[in-house]
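Student: Take 159 as the starting number for the sequence shown in the working numbering and just add one per residue. Heads up, the beta-carbon is just placed ideally off N, CA and C, and yes, glycines get one too. All values derive from a computational prediction rather than experimental measurement. What follows is a structure written as structure tokens; I'll ask about it next.
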Amino acid sequence: MAEFTSTKPYMVRAIHEWCVDNDCTPHLLVAVDSQTRVPMAYVKDGEIVLNLNYGATKDLQIENEAITFSARFGGVSQNLYVPMYAVKGIFARENGQGMFFEVGTPPIAASVKDGKETESKDVAEAVKPTNNKKPTLTIVK
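Take a look at the structure:
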């Protein structure tokens, strides 16, 4: 029998869409670990709640393996990476309706090469630093 993919990313996308369609704010509850890239100053008891509203995020991607986006925290833009196994739930801030999940186990995200561990290329690409220059306006005539 074929091995099936997880239903979690499909449910996360569906609840996110439902929240947006109903003018609610989708919030993501995340169990933070070494593979999760979030602003640690906002982590409490190993968890963080992230606002996934389109107005609060940039380049939001909810893929089968991870959720990636950039957002501002304290005025500083940061790239976030949330592995799908670390998602504990997605819900509407306004009424708490949504879905909650068990935290999975992390897949092997590092490869051993020449006796040294190296981070997965996908993880490194997702968390590369953003350009922190302030935007400027130019007059076009």
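Taking the beta strand (DSSP E) that PRO122 belongs to, which residues open and close that run?
Tutor: No statement about residue 122 is possible, as the shown extent of the chain runs from 159 to 299 and does not include it.
Student: Is the CB-CB distance between PHE259 and VAL245 below 8 Å?
Tutor: In contact: PHE259 and VAL245 (Cβ atoms closer than 8 Å).
Student: Per DSSP, which one or two residues make a beta bridge with MET257?
Tutor: ILE248.
Student: In the structure shown, what three-state DSSP assignment does ILE206 receive?
Tutor: Note: ILE206 maps to strand in three-state DSSP.
Student: Using the Cβ count rule (16 or more neighbours within 10 Å means buried), how would you classify THR165?
Tutor: Exposed, since its Cβ has fewer than 16 Cβ neighbours within 10 Å.
Student: So LEU238 and THR226 are supposed to be a Cβ contact under 8 Å. How far apart are they, rounded?
Tutor: Correct: roughly 7 Å between the Cβ atoms.
Student: Taking the DSSP output, what are the residues bridged to GLN219?
Tutor: Beta-bridge pairing links GLN219 to THR226.
Student: Alpha carbon to alpha carbon, how far is ALA250 from GLN193?
Tutor: So the two alpha carbons sit approximately 25 Å from each other.
Student: Tell me the rounded alpha-carbon separation between CYS177 and SER228.
Tutor: Near 20 Å, if we compare the C-alpha coordinates of SER228 and CYS177.
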